[in-house]
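What follows is a single structure, written as structure tokens, with notes after it.
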């Protein structure tokens, strides 16, 4: 996209020796430098309406996660109706552009349609509801979606199970049942559990691993764990990241860094974007990638960023704060963290 000098190109392809650079060449896709998939979350509206957004998605990434349109309120808005239109268009985009598609998410306590929240029925009725939801979706996308976040964010920060509507109506066994239903629907798909703060909260991480290991020991198929990694310039530390990766790999799970973004303003203060701030962000991203590179290849499912440009980030709208958490700035120009990623892949 940017016209850069021959001297800079020469420096770049020698290995980007300069540690502090504010621009770099993004004419070659990130994934071409990586031995594992590099992904992004896609907003289907931006994909259809913004040519630059679409161009970067195609050029830079080889794995796609739907940001919202695979969630229940979009796919299953009525009891007997599934809305496939937008989701199928994303499938076509991935197939036409040779992108892996990661399914996010089947069972979650948020973004549920009102009919599920209002549903009245016995435990067995709720189990059937969940089974139909999971298996209808997975059957529709069979051989089109590589892997699924079967259960998302089931744990509290203190390591206890979240009292979600699924736990209330089905009991703690809902997690086991969800993975069993998923395997029945598509035995070849990889099945993931996905959650946040697993890189920084050992109490929560240990509880997740204990439950998943227990299920595995009883024959339940669980292939990997998604570590979301919504992190910030100030946290976590490198040792925390390394320890979390190692503990998960030691228990024989693939790791998906599944929703990576790095906040530069986690406290929502008045800030002035600066080279220092963005270099700190870049250095933390480098730490994540360097630690991920160290785990055995068979456990590297890939790294996915939760968006493309700062202007598309969920953080701004959800927290109503100024922030710049992604690889590209508001004008779709690569930031120092993009350059650091190139050097560390």
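Residue numbers (the working numbering): 654 to 998.
From the three backbone atoms N, C-alpha and C, an ideal C-beta is built for every residue, glycine too.
Is the beta carbon of residue j closer than 8 angstroms to that of residue i?
i: residue 755; j: residue 692; result: yes
i: residue 766; j: residue 710; result: no
i: residue 948; j: residue 902; result: yes
i: residue 759; j: residue 787; result: yes
i: residue 844; j: residue 878; result: no
i: residue 885; j: residue 915; result: yes
i: residue 804; j: residue 846; result: yes
i: residue 783; j: residue 706; result: no
i: residue 987; j: residue 677; result: yes
i: residue 979; j: residue 958; result: yes
i: residue 998; j: residue 942; result: yes
Looking at the secondary structure, which residues open and close the beta strand (DSSP E) in which residue i lies?
i: residue 879; result: 877-880
i: residue 845; result: 843-848
i: residue 885; result: 883-885
In the DSSP assignment, what residue or residues form a beta bridge with residue i?
i: residue 953; result: 908
i: residue 808; result: 814
i: residue 913; result: 958
i: residue 801; result: 756 and 844
i: residue 888; result: 885
i: residue 689; result: DSSP, once it has assigned bridges, lists no residue as partnering residue 689.
Provide the residue span of the alpha helix (DSSP H) that contains residue i, from first to last.
i: residue 896; result: 891-903
i: residue 863; result: 855-870
i: residue 700; result: 697-702
i: residue 974; result: Run containing residue 974: none; DSSP gives neither H nor E here.
i: residue 943; result: 928-946
i: residue 997; result: 989-997
i: residue 832; result: 827-838
Cβ contact check for the stretch 982-992 and the stretch 934-950: 3 or more pairs under 8 angstroms: yes
Are at least three pairs of beta-carbons, each pair with one atom in the stretch 820-827 and one in the stretch 839-855, less than 8 angstroms apart? no
Continuous beta strand (DSSP E) assignments of at least 3 residues falling wholly in the stretch 714-789: 716-719 and 753-760
Is the stretch 886-894 touching the stretch 857-871 in the sense that three or more CB pairs, one from each, lie closer than 8 angstroms? no
Are the stretch 731-751 and the stretch 686-701 in contact at 8 angstroms, needing three or more beta carbon pairs? yes
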